[in-house]
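Asker: In this note's numbering, the protein residues as written are 1 to 161.
Glycine included, every Cβ here is placed at the ideal spot set by N, Cα and C.
The structure follows.
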């Protein structure tokens, strides 16, 4: 059983001015891999708040998925917060999302999403829009269980015959 936390980063969402459709999509899609969502919060785009929540969640879950704050606007600070708390980056996850995203829109190249490991927790930044969350998560959802097994020290060979 994979345990997960969902963190939505949105100034308006944190004030109750916008419904969090992206977080709901993440929660629904995590059922595909049988993950149990243990934590869910909506925070404003404040780097220290984001960092603190990632630090709080990470020893208590296997996976943290963030949504929002990965673009170019001045308040988009999710990648910076994530980079400050992870131990190692997992470039292939964000590269896979970028490659598939570019097939749908050239604007995908504007994402600054980060994926990485903190302790034994995998942290992945997703975009903020519901459509982009679904499209990006579809690209990586099937590799998440294997990634978590490896992060936790599974000694099995990764190669396929």
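Residue 116 to residue 6, Cα distance in whole Å?
Answerer: Residue 116 and residue 6 have their alpha carbons spaced roughly 15 angstroms apart.
Asker: Using DSSP with H/G/I as helix, E/B as strand and the rest coil, what is residue 6?
Answerer: Three-state result, residue 6: strand.
Asker: Indicate whether the contact test is met: 3 or more Cβ pairs, each with one atom in the stretch 3 to 23 and one in the stretch 47 to 63, closer than 8 angstroms.
Answerer: yes
Asker: Between the stretch 85 to 94 and the stretch 26 to 35, do at least 3 Cβ pairs fall closer than 8 angstroms?
Answerer: Result no; under three Cβ-Cβ pairs closer than 8 angstroms.
Asker: CB residue 69 to CB residue 82, shorter than 7 angstroms?
Answerer: no
Asker: If I measure Cβ to Cβ from residue 71 and keep anything under 8 angstroms in the same chain, skipping five residues before and after, which residues do I get?
Answerer: 110, 111, 112, 127 and 128
Asker: Using only CA atoms, which one of 62, 138, 143 and 74 lies nearest to residue 39?
Answerer: For residue 39, the nearest C-alpha among the options comes from 62.
Asker: Looking at C-alpha atoms only, which residue of 26, 45 and 2 is the closest neighbour of residue 13?
Answerer: 45
Asker: Report the three-state DSSP secondary structure of residue 139 (helix, strand or coil).
Answerer: helix
Asker: Short of 8 angstroms in beta carbon distance, which residues of its chain neighbour residue 119, apart from the five on each side in sequence? Order them along the chain.
Answerer: 58, 59 and 87
Asker: Which residue or residues does DSSP assign as beta-bridge partners of residue 121?
Answerer: 118
Asker: With residue 70 as the anchor, note down where its alpha helix (DSSP H) starts and where it stops.
Answerer: Looking at the DSSP string, residue 70 is not in any alpha helix (DSSP H), and its letter there is neither H nor E.
Asker: Taking residue 12 as part of the alpha helix (DSSP H), name the residues at either end of that continuous run.
Answerer: Boundaries of the alpha helix (DSSP H) around residue 12: 11 to 14.
Asker: In whole angstroms, give me the CA-to-CA distance for residue 91 and residue 1.
Answerer: Those two C-alpha atoms are separated by around 25 angstroms.
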